[in-house]
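Peer 1: For what it's worth, our numbering labels the leading residue of the sequence shown as 694, then goes sequentially.
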Amino acid sequence: METLLVSRQDGVVTVTMNRPAKKNAANDVMWRELLDTFREVAANPDDRVMVLTGAGGEFCSGADLSSRGDQGPTSPLARMRMINDVCLTLQRMPQPTIAKVRGVAVGAGCNMALICDLVVASDNARFSEIFSKRGLSVDFGGTWVLPRLVGMHRAKELAFFADIISAKEAGEMGLINRVLPDGDVDRFVDDWAKRLAAGPPIALAQTKRMLNNSLDVTLEQALEDEGSAQANNFNTRDAIEAMSAFLEKREPRFTGR
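Rendered as structure tokens:
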């Protein structure tokens, strides 16, 4: 691929945005490659967890407004629909996703990180809903994910003022999961990814789906969904393996069946 690096090891797929000269700003080629890659990962049972990161010490500086690409959609609305497909595919991916953030994560790059299930940031990371400073409104799911993470008033503050906030500030307001010294980030993310890759894929996918839907359903519907998911889990080999491992005092070996 032209703009991404993809590597796989022991069930962990790492997707690296690779336009370091542009701080990994996403042009039309990158949007298409992200969409194709996310769809491929979502459909691959051997991929148990996805780590999304950026090359050159930066995560993503948002959409590359200076480069639309010769083969991109011909209208702004068509282009936004393609970008929206990237967001939806990332959010709906059954596997757990981890954003590993160094440097800038602004605009669509900020929301790409926040749409991931977990966000681990270096203490040098900076986040911003930069859109209003570019004369634009928030996109890539920011209006959906921000209120869920930090509440409506804080979401409006971040979106209206478009300030750049440090990783420490992002952590304190609950925007991200962890802030670590830069030298500790890779080791920490590797550990989380390995633990998730060793987990029960069917059960984790169902839990992720129900949590993503939780603010849009009643308690009654949530309980019904939990009951259906649990009945499905009890019929899997992974549930039998978990019980056997418990009785035999060993770690379970989940296969996603």
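Built from N, CA and C at the ideal position, the CB exists for glycine as well.
Note down the Cα distance separating Pro738 from Lys901, rounded to an integer number of angstroms.
Peer 2: One C-alpha to the other measures close to 16 Å.
Peer 1: Look up Ser921 in the DSSP assignment and say whether it is helix, strand or coil.
Peer 2: In the structure shown, Ser921 sits in a helix (DSSP, three-state: H, G or I).
Peer 1: Once DSSP output is grouped into helix, strand and coil, what is the label at Thr790?
Peer 2: In the structure shown, Thr790 sits in a strand (DSSP, three-state: E or B).
Peer 1: Expressed to the nearest angstrom, what Euclidean distance is found between the alpha-carbon atoms of Glu667 and Asn928?
Peer 2: Residue 667 lies beyond the stretch modelled for the chain, which goes from 694 to 950, so this question has no answer here.
Peer 1: Below 8 Å, how does it come out for the region 778-798 and the region 738-758: are there three or more Cβ pairs, yes or no?
Peer 2: A contact exists between the region 778-798 and the region 738-758.
Peer 1: Would you please state the rounded distance, in angstroms, between the beta carbons of Ile869 and Ala814? I believe it to be under 8 Å.
Peer 2: 5 Å
Peer 1: Could you round the C-beta distance between Asp918 and Met903 to whole angstroms and report it? I think they count as a contact, below 8 Å.
Peer 2: 5 Å
Peer 1: Which residues bound the alpha helix (DSSP H) around Gly802?
Peer 2: 801-808
Peer 1: Would you call Gly800 buried or exposed, if buried means 16 or more other Cβ atoms sit within 10 Å of its Cβ?
Peer 2: buried
Peer 1: I'd like to know whether the C-beta atoms of Val882 and Gly867 end up nearer to each other than 9 Å.
Peer 2: no
Peer 1: Indicate the three-state DSSP secondary structure (helix, strand or coil) for Leu904 in the structure shown.
Peer 2: helix
Peer 1: Less than 8 Å between the CB atoms is what I'm expecting for Ile808 and Gln788, so what's the real figure, rounded?
Peer 2: Incorrect: roughly 14 Å between the Cβ atoms, too far for contact.
Peer 1: In the region 815-854, which residue ranges form an unbroken alpha helix (DSSP H) of at least 4 residues, counting only runs that do not cross its ends?
Peer 2: As far as the region 815-854 is concerned, its whole alpha helix (DSSP H) runs of at least 4 residues are 835-843, 845-854.
Peer 1: Just to confirm my understanding: we take Ala898, look at its own chain, exclude 5 residues before and 5 after, and list those with CB closer than 6 Å. What are they?
Peer 2: Pro787
Peer 1: How long is the line joining the alpha carbons of Thr836 and Ala848, rounded to whole angstroms?
Peer 2: 8 Å
Peer 1: Just to confirm my understanding: we take Met710, look at its own chain, exclude 5 residues before and 5 after, and list those with CB closer than 6 Å. What are they?
Peer 2: Asn717, Gly747, Cys753
Peer 1: Determine the direct distance from the alpha carbon of Glu934 to that of Met691, and round the result to whole angstroms.
Peer 2: With the chain covering 694 to 950 only, the question about residue 691 has no answer from this structure.
Peer 1: Work out the CA separation of Val838 and Arg827 for me, nearest whole Å.
Peer 2: If I take the Cα positions, the gap works out to 21 Å.
Peer 1: Please work out which residues of its chain come closer than 6 Å, Cβ to Cβ, to Glu695, disregarding the five sequence neighbours upstream and downstream, and give them in chain order.
Peer 2: Result list for Glu695: Val722, in chain order.
Peer 1: With burial defined as no fewer than 16 other Cβ atoms inside 10 Å of the residue's Cβ, what is the status of Phe731: buried or exposed?
Peer 2: buried
Peer 1: Return the chain-ordered list of same chain residues with a C-beta closer than 6 Å to the C-beta of Leu698, the five sequence neighbours on each side being excluded.
Peer 2: Contacts found: Thr709, Asn711.
Peer 1: Sorted by chain position, which residues of the same chain lie with C-beta nearer than 7 Å to Phe637's C-beta, five sequence neighbours on each side aside?
Peer 2: Since the displayed the chain opens at 694 and closes at 950, residue 637 lies outside it and no answer follows.
Peer 1: Is the beta carbon of Asn925 sitting closer than 9 Å to the one on Pro893?
Peer 2: no
Peer 1: Report all residues from its chain with a CB closer than 6 Å to the CB of Gly704; omit the five preceding and five following residues, and keep chain order.
Peer 2: Arg741, Ala890
Peer 1: Please return the same chain residues whose Cβ sits closer than 6 Å to the Cβ of Val734, not counting the five positions on each side in sequence.
Peer 2: Same-chain partners within the cutoff: Val706, Asp740, Met743.
Peer 1: Please state the DSSP three-state secondary structure of Thr696.
Peer 2: coil
Peer 1: Which same chain residues, not among the five before or five after Gln764, have their C-beta less than 6 Å away from its C-beta?
Peer 2: With a pLDDT of 49 at Gln764, under the threshold of 50, the modelled position of this residue cannot be trusted; read the value that follows with caution. Taking C-beta separations shorter than 6 Å and ignoring five residues to either side along the sequence, Gln764 has no partners in its chain.
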